[in-house]
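Residue numbers (our numbering): 607 to 911.
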Amino acid sequence: MDKFRTLEIFIAVAETEGFAAGARKCRLSAPVATKAISELEASLGVRLLNRTTRQVSLTDAGQRYLVDARRIVEELKEADASVIGLHAKPMGTLSVTAPALFGRLFVTPVMVAYLKQYPQMKATLLFQDRIVNLAEEGIDLAVRIGHLPDSGLNAIPLGYVKRVVVGSPDYLRRQGTPKQPKDLQHHQLIAAVHMNPIQEWRFGKTDQPTSVRLEPSLMTTTNDAAIEAAVLGFGLTRVLSYQVANEVEQGKLKICLSKFEPDPLPVQIVHREGRTSTAKTRAFIDLAKAMLSTSLARNHPTPLP
């Protein structure tokens, strides 16, 4: 059996946690799959799977090998697709991840437009407020907010968002509008996501930052809850500009301390592919650049450089 097919079998068995299920996924018999994995382990001189009567699981070596196996199989598929001309037209399934609220507000409309334009395509959206490992979870594209570490991923800039402090007009009438960051110590504050009772909010530009340590009166696990509490007049919260764009436009919230805002955060779409990127990926990136750049410019006045 060729190495490519063996890697496919190993991936299927690892993902389904069973030889029978993995074999069915590869349209093989269980004995054939078992033999292929045994021969692979023998050739490597390393055990990749722990076997029990009910389940198989990855060893530490198997976990590392799975990451590389997925990458190799994907690269081989892309090479085949390039040779036979599949890069000329989007085909298959596209998976995209993004932060939950950003994904719902901005990425979903892009994906709907994409699927309307390419009805032969299928798609999966994974919206979670965590960094998803594209290689380990088999994701094609990610929209990320903030500066990226040097991870080897290809990044395409889409625009910027700001970190803003907001409060309702009613709250600001009752408690006054903070004039500088240290005034926040005299306000009721709402903090989202970070459940540490002591919060540090940073203001100012990168070369002249100012930090203020604060104790929020209310902490929430979601930005939506923090925003709702602010709209109800409980206090001030700090979120990203796109998250409160509608509330600010409708007059439900007002931005405070705008002249102390830190540098904007870049919004980027990242992927693992290089020059041989597939048509399905390139088509989505082109559409996302057109649609998201416009949307972000409307929600944040800072232009792209």
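Ideal Cβ placement from N, Cα and C applies to all residues, glycine included.
Does the Cβ-Cβ distance between Tyr671 and Val767 come in under 9 Å?
Taking 9 Å as the Cβ cut-off, Tyr671 and Val767 do not qualify as a contacting pair.
Would you decide whether Ala620 is buried or exposed? Buried here means 16 or more other CB atoms lie within 10 Å of its CB.
So Ala620 ends up on the buried side.
Residues in the same chain with beta-carbon distance under 7 Å from Leu893, minus the five sequence neighbours each way, listed in chain order, please.
Closer than 7 Å at Cβ, skipping near neighbours: Val716, Ala719 and Tyr720.
Could you tell me which residues DSSP puts in a beta bridge with Ser663?
According to DSSP, Ser663 bridges with Asn656.
Taking 9 Å as the cut-off, decide whether the C-beta atoms of His652 and Thr665 are in contact.
Before going further, note that residue 652 is Val rather than His in the sequence given. A contact, by the Cβ cut-off of 9 Å.
Would you grab the beta carbon distance between Ala885 and Thr843 for me? Rounded to a whole angstrom, and I think it's under 8 Å.
About 42 Å separates the two Cβ atoms, so there is no contact after all.
Is it the case that the Cβ atoms of Val772 and Glu853 are separated by a distance below 9 Å?
In contact: Val772 and Glu853 (Cβ atoms closer than 9 Å).
Within 10 Å of its beta-carbon, does Gly744 have 16 or more other beta-carbons around it, so buried, or fewer, so exposed?
Counting Cβ neighbours within 10 Å, Gly744 comes out exposed, since fewer than 16 surround it.
With 16 other CB atoms within 10 Å as the buried threshold, where does Arg750 fall?
Buried, since its Cβ has 16 or more Cβ neighbours within 10 Å.
Among Lys683, Val837 and Arg676, which one has its Cα closest to the Cα of Gly857?
Of the candidates Lys683, Val837 and Arg676, the one whose C-alpha sits nearest the C-alpha of Gly857 is Val837.
Once the 5 residues before and after Ala629 are set aside, which same chain residues still bring their CB inside 7 Å of it?
So the list reads Ser635, Ala636, Val638 and Ala639, once near-sequence residues are dropped.
At 3 residues or longer, what runs of the beta strand (DSSP E) sit wholly inside the stretch 803–864?
Entirely contained in the stretch 803–864, the beta strand (DSSP E) runs reaching 3 residues are, in chain order, 805–809, 816–820, 824–826, 842–846 and 860–862.
Contact check, Ser901 vs Phe712 under 8 Å by CB: the rounded distance?
Confirmed, about 6 Å.
If we ignore side chains and look at the alpha-carbon of each, how far apart do Gly841 and Gln791 end up?
In a straight line, the C-alpha of Gly841 is about 12 Å away from that of Gln791.
Exposed or buried, which one is Phe625 when buried takes at least 16 other CB atoms within 10 Å?
Phe625 is buried by the Cβ-count criterion.
In three-state terms, what does DSSP make of Tyr724?
Three-state DSSP puts Tyr724 in coil, outside helix and strand.
CB-CB under 6 Å to Lys695, same chain, minus the five flanking residues each way: which ones, in chain order?
Result list for Lys695: Ala885, in chain order.
Identify the continuous beta strand (DSSP E) that holds Gln874 and give its terminal residues.
Looking at the DSSP string, the run of the beta strand (DSSP E) that includes Gln874 is Leu871 to His877.
Go ahead and label Leu650 buried or exposed: buried means 16 or more other beta carbons lie within 10 angstroms of its beta carbon, across all protein chains shown.
Exposed, since its Cβ has fewer than 16 Cβ neighbours within 10 Å.
Taking Ile861 as the reference, give the member of Pro755, Pro870 and Ala851 with the closest Cα.
Of the listed residues, the one whose Cα sits closest to Ile861 is Ala851.
What residue range does the beta strand (DSSP E) around Leu700 cover?
From DSSP, the beta strand (DSSP E) with Leu700 extends over Thr699 to Ala704.
Classify Pro725 as buried or exposed, calling it buried when 16 or more other Cβ atoms lie within 10 Å of its own Cβ.
Counting Cβ neighbours within 10 Å, Pro725 comes out exposed, since fewer than 16 surround it.
Near Lys631, what residues of its chain come up, given a Cβ to Cβ distance below 7 Å and the 5 sequence neighbours on each side ignored?
Result list for Lys631: Ala618 and Thr622, in chain order.
With distance defined between alpha-carbon atoms, name the residue in Pro775, Asp746, Gly765 and Ile804 nearest to His753.
Closest option to His753, Cα to Cα, is Gly765.
So, helix, strand or coil for Thr714, using DSSP?
Note: Thr714 maps to helix in three-state DSSP.
Relative to the C-alpha of Lys865, which residue among Leu732, Gly839 and Lys811 is closest?
Among Leu732, Gly839 and Lys811, the Cα nearest to that of Lys865 is on Lys811.
Can you check DSSP and say which residues form a bridge with Leu732?
According to DSSP, which records beta bridges pairwise, Leu732 is partnered with Thr703.
Using the C-alpha atoms, what's the distance from Gly668 back to Leu655?
Straight-line Cα distance between these residues: approximately 6 Å.
Please list the terminal residues of the continuous beta strand (DSSP E) segment that includes Leu634.
Note, Leu634: premise wrong, no beta strand (DSSP E); not H, not E.
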